[in-house]
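Worksheet: one structure, shown below.
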Amino acid sequence: MATDYDAPRKTDEEMSEDSLEELKSRRADKNSGKVDEDEVEAAETFELPGADLSHEELTVRVLPRQSNEFTCASCFLVKARAQLAEEKNGQSYCVDCV
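If you read the sequence shown in numbering that gives the first Met the number 0, its first letter stands for residue 0, the second for the next number, and so on.
Next up, the structure:
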């Protein structure tokens, strides 16, 4: 947003009057304070640190490393061969770690 630095500046009193006017207009709007999301539903989706997840079960199928993939010796992530940056002493490094 452009600012006109040559324009006369408002005093603190004038600024507080403007903000009061804005608050009054917002108060007239009945839907301004309503929240569309149910707080209980939103709270159920958050995972707390240290929560007991022993009853949870993984639904992701884990595959072994494929022939066109390698494991980076620095970050230990399995990456596609297209991300292979270099191989030193029999160890492969990805482009992110080099």
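For each residue, glycine too, the CB sits at the ideal point set by N, CA and C.
Predicted model, so just to flag it, every value in this text is computed and none were measured.
- Out of L47, R64, D3 and T44, the CA that lies nearest to the CA of K78 is found in R64.
- Rounded to the nearest angstrom, the gap between the Cα atoms of R8 and E21 is 19 Å.
- Residue environment analysis places C74 among the exposed positions, since fewer than 16 neighbouring C-beta atoms fall within 10 angstroms of its C-beta.
- With a 10 Å radius around the Cβ and a threshold of 16 neighbouring Cβ atoms, F45 comes out exposed.
- By the neighbour-count definition (other C-beta atoms within 10 Å, threshold 16), Y4 is an exposed residue.
- Around the beta carbon of S91, 16 or more other beta carbons sit within 10 angstroms, so the residue counts as buried.
- Less than 7 Å separates the beta-carbon of V94 from that of Q82.
- Residue pairing for Q82: DSSP places it in no beta bridge.
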